[in-house]
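> The opening position of the sequence shown corresponds to residue 1 in the UniProt record's numbering, with each subsequent residue numbered one higher.
Using N, Cα and C, we set each Cβ at its ideal position, and we do this for glycine too.
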Amino acid sequence: MSEIRIEGAKKVYGDVTVIENLSLTVPDGALFTLLGPFGCGKTTLLRMIAGFNSIEGGDFYFGDNRINNMEPSKRNIGMVFQNYAIFPHLTVRDNVAFGLKQKKATKEKVVAETDKYLKLMQIDEYRDRKPDQLSGGQQQRVALARALAVNPDVLLMDEPLSNLDAKLRVDMRQAIREIQREVGITTVYVTHDQEEAMAISDSIAVMNQGRIQQVGRPKELYHRPKNE
């Protein structure tokens, strides 16, 4: 697991600067949420951490390792998207095992880690089903199991519950919180939903227009918000 440190981040699209001189630290093992309205720069920042967006300024670190020029595949991250991004032609078991096979893990490790996360995510009974035979919540559990099975240093989650109905969102955020604590993985979680952020996070960075307005624990932000 890794602490994430960002110092003076800058992101430019054409003539528009969307993130300017942004700095933050995500403690090792924390669930840290980037909270803000659509277009505030939170997903852009997440994609910079992942290596999917270029970095026009500043320094990004996982622990003591500067990652600015590191390929995404070398950053040892797990990623969970809003649209699940699981393979429709593969079974649940094969979806969870996919990353391990890509990393050329031994057959024994593939079986052991796949079984571990199928059980942890409570989807073991669906192991032989295809994604179209699952609910949205079950599909998101598959996506999370696949992301964790490769034993990443960092987990990145981009609006993972946005496509779920209200009850499933509540159930899944509780599941994510419990599993993140059990695994102990450093997690950056992006959402526009204030209630979701308050329920799930160790710490929250409130973002707007490419800047961080406030960082704190959920109770601190609730009782002493800098922006109403």
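#1: Quick one: give me the first and last residue of the beta strand (DSSP E) that asparagine 208 is part of.
#2: Considering Cα atoms alone, identify which of His192, Arg5 and Thr186 is closest to arginine 66.
#3: What do you get for glutamine 174, buried or exposed, if any count of 16 or more other CB atoms within 10 angstroms of its CB means buried?
#4: Spatial neighbours of isoleucine 60 within its chain, please: C-beta separation below 6 Å, excluding the five flanking residues on both sides.
#5: Apart from the five residues just before and just after tyrosine 84, which ones in its own chain have a Cβ nearer than 7 Å to its Cβ?
#6: Using a Cβ-Cβ cut-off of 7 Å (strictly less than) and excluding sequence neighbours within five positions of valine 190, which residues of its own chain qualify?
#7: Measuring only between beta-carbons, confirm whether arginine 127 sits less than 8 Å from chain B.
#8: What does DSSP give as the partner residues of tyrosine 117 in its beta bridges?
#9: For tyrosine 117, count neighbouring C-beta atoms within 10 Å of its own C-beta (all shown protein chains included) and say buried if the count is 16 or more, exposed if not.
#10: Starting from isoleucine 176 and walking both ways along the beta strand (DSSP E), at which residues does that stretch end?
#11: On the three-state DSSP scale, how would you describe glutamate 7?
#12: State yes or no: is the C-beta of histidine 192 within less than 8 Å of the C-beta of phenylalanine 38?
#13: Out of Lys74, Gly63, Lys130 and Glu71, which has the shortest C-alpha to C-alpha gap to valine 96?
#14: Does the beta-carbon of glycine 210 have 16 or more other beta-carbons within 10 angstroms, so that it is buried, or is it exposed?
#15: Going by C-alpha to C-alpha distance, which of Ala105, Ile212, Asn163 and Arg169 sits closest to valine 150?
#16: Could you pull out every unbroken alpha helix (DSSP H) segment of at least 4 residues lying fully inside the stretch 27 to 72, listed in chain order?
#17: Go to lysine 189, then tell me how far its beta strand (DSSP E) extends in each direction, as first and last residue.
#18: Along the alpha helix (DSSP H) that carries glycine 99, what are the first and last residues, could you check?
#19: Return the residue from the list Met207, Pro225 and Met198 that minimises the CA-CA distance to proline 218.
#20: Looking only at DSSP bridge pairs, what is isoleucine 123 linked to?
#21: Report buried or exposed for valine 16, applying the criterion of at least 16 other Cβ atoms within 10 angstroms of its Cβ.
#22: Between the C-alpha atoms of valine 111 and isoleucine 123, what's the straight-line distance to the nearest angstrom?
#23: Among the residues of its own chain, which have a CB less than 6 Å from the CB of proline 225, if the five just before and after it don't count?
#24: What would DSSP say about isoleucine 86, mapped onto helix, strand or coil?
Judging by the given coordinates:
#1: 203 to 208
#2: Arg5
#3: With fewer than 16 Cβ atoms within 10 Å of its Cβ, glutamine 174 is classed as exposed.
#4: With the sequence shown as reference, residue 60 is identified as phenylalanine, and isoleucine is not the correct amino acid for it. Result list for phenylalanine 60: Ile6, Ile67 and Asn68, in chain order.
#5: Gln139, Gln140 and Ala143
#6: Leu34, Lys42, Thr43, Leu46, Met157, Asp158 and Glu159
#7: No chain B is part of this structure, which consists of one protein chain only.
#8: Per DSSP, none; premise fails for tyrosine 117.
#9: buried
#10: Segment 166 to 183 is the alpha helix (DSSP H) holding isoleucine 176; no beta strand (DSSP E) there.
#11: strand
#12: yes
#13: Lys130
#14: buried
#15: Ala105
#16: Segments of the alpha helix (DSSP H) lying fully in the stretch 27 to 72: 42 to 50.
#17: Inspection of the sequence shows that residue 189 is occupied by tyrosine rather than by lysine. Residues 186 to 191.
#18: Per DSSP, the unbroken alpha helix (DSSP H) holding glycine 99 starts and ends at 92 to 102.
#19: Met198
#20: DSSP output for isoleucine 123 lists no bridge partner at all.
#21: Exposed, by the Cβ-count rule.
#22: 15 Å
#23: none
#24: coil
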